[in-house]
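Following this note's numbering, the residues of the sequence shown are numbered contiguously, the last one being 509. Backbone N, C-alpha and C define an ideal beta-carbon position, used for all residues, glycine too. Let me begin by presenting the structure, written as structure tokens, before commenting on it.
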Amino acid sequence: MDMNTIEAVVPTTDPAEWRDGDAWLAGGTVLFSYGSTVLKRLLDLGQAGWPAVTVSDAGIELAATCTVAELYALPASEAVAGREWPGLDLLRPCCDSFVASFKVWNMSTVGGNLCTSLPAGPMISLCAGLDATATILGPGGSSRTVPVAMFITGDGQNSLAPGELLRSIQLPASALSAKVAFRRLSLSNLGRSGVLLIGRLDADGGLVITVTAATKRPVQLRFAAAKMAGPAALAAAVGNAIPEELYHDDIHGLPAWRRDMTLRLAEEIRGELLGERLVVSGDFWTGPRQPHATSPQPSAQPPGTTQNQQNTQQKEA
């Protein structure tokens, strides 16, 4: 949409240039669609020149300006060839969870999704699920890091202070090396995420389950010894970690449904990661993946929800 209050577009990556009435502009897919009557300037990151993806033995660094399309291409790229990182299997399901056209994928950014801070933000799910940390720049050359799981503080809320700029997100090799599982449910076929859980079985045997979309902010459950996390212990941990008021409530799912589906998907993830059974509800995940396809290009239309699960969702909604 037209933003008729904008007086200037300033190419900069310097937080010192920020003033009241400014907004950082990356892809703009949310900024332009929502519009605002208070913004006077856009601080344009389009010419920042930050490498979208940097791969090292320590893990993966994503620039805040990395697009969804660039992230989707990563698992099939030479940059990660030969890396024993099962966590890469989460990238494409999380990109698919945007349920958006390729036009949005080519503009929308990882950092923008985090800063919008909506419960259903799939980049929040990905980064929180992989214990990512965010690097934030402030005026005067200051910088700080914060776990993405703590960066989001509520529905549309985060820990950024006025003028601060999200610079990058670091996905640690330790989390990328873990066995992973993914579950996503929505009330309609290819609808907005109502519940999205990511699980990890770390090298030390610890089990980590990250709950997003169902809750107003990410919630992580950690079990030091995964074998001790039986169904009853897991259900109790979910109940203790997520009070009723933390479940999100909108047209994409009532809190009671989100709670019930969180319990269901958490148990599915536990069973998959511990090798007890493979039951997959929802879309974009069929279990442990085969070697990645060679094509790095995102499809124009994400894969759809299976018919069996669609029927299940309709019965339980």
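Leaving out the 5 sequence neighbours to the left and right, which residues in its chain are closer than 6 Å to residue i when beta-carbon positions are compared?
i	result
residue 246	253
residue 469	463
residue 208	331
residue 203	236 and 239
residue 300	219, 221 and 260
residue 289	314, 376 and 385
residue 451	439
residue 391	373, 401, 461 and 465
residue 340	319, 320, 324 and 326
residue 322	279, 363 and 367
residue 337	325 and 327
residue 305	313 and 315
residue 225	none
residue 249	none
Note the first and the last residue of the continuous alpha helix (DSSP H) segment covering residue i.
i	result
residue 295	294 to 297
residue 451	447 to 465
residue 260	260 to 265
residue 284	283 to 288
residue 320	314 to 321
residue 303	302 to 308
Span of the beta strand (DSSP E) holding residue i?
i	result
residue 346	344 to 346
residue 203	200 to 203
residue 251	251 to 255
residue 327	325 to 329
residue 337	335 to 339
Just checking my contact of residue i with residue j at CB under 8 Å: how many whole Å lie between their CB atoms?
i	j	result
residue 374	residue 399	15 Å between Cβ atoms; not a contact.
residue 471	residue 434	Between residue 434 and residue 471 the Cβ distance is about 22 Å, and since that is not below 8 Å, they are no contact.
residue 286	residue 318	4 Å
residue 413	residue 387	Not confirmed; about 14 Å, so no contact.
residue 210	residue 445	Actually they do not touch by this definition, with Cβ atoms about 36 Å apart.
residue 417	residue 311	With 8 Å as the limit, residue 417 and residue 311 do not qualify as a contact, their Cβ atoms being about 30 Å apart.
By Cβ distance below 7 Å, which residues in the same chain neighbour residue i in space, the five residues on each side in sequence not counted?
i	result
residue 298	259 and 261
residue 488	In this prediction, residue 488 scores a pLDDT of 37, lower than 50, which makes its location untrustworthy; the coordinate-derived value is nonetheless stated afterwards. Correct list, in chain order: 265, 268 and 269.
residue 459	423 and 426
residue 359	256, 327, 328 and 329
residue 344	309, 316, 350, 409 and 410
residue 223	215 and 217
residue 276	369
residue 478	472
residue 539	Any answer about residue 539 is impossible in this case: the structure gives the chain only from 193 up to 509.
residue 455	427 and 430
Residues in the same chain with beta-carbon distance under 8 Å from residue i, minus the five sequence neighbours each way, listed in chain order, please.
i	result
residue 447	436, 439, 440 and 441
residue 280	266, 267, 272, 368 and 484
residue 342	351
residue 231	195, 197, 198, 213, 214 and 215
residue 395	366, 369 and 370
residue 200	232, 233 and 234
residue 383	291 and 444
residue 283	263, 264, 266, 267 and 318
residue 495	Confidence at residue 495 is low in this model, with a pLDDT of 38, below 50, so its placement is unreliable and the value that follows should be read with caution. 288, 475 and 476.
residue 206	none
Can you tell me which residues form a DSSP beta bridge with residue i?
i	result
residue 350	344
residue 474	376
residue 291	Answer by DSSP bridge pairing: none, since residue 291 is not bridged.
residue 247	252
residue 441	In DSSP, residue 441 forms no bridge with anything.
Hey, is residue i's beta-carbon within less than 8 Å of any beta-carbon in chain D?
i	result
residue 340	Any reference to chain D falls outside this structure, which holds one protein chain only.
* What runs of the alpha helix (DSSP H), each 4 residues or longer, lie entirely inside the segment 355 to 429? -> 365 to 368
* Asked: Which residue spans inside the segment 208 to 245 form an unbroken beta strand (DSSP E) run of at least 3?
  -> 214 to 217 and 233 to 236
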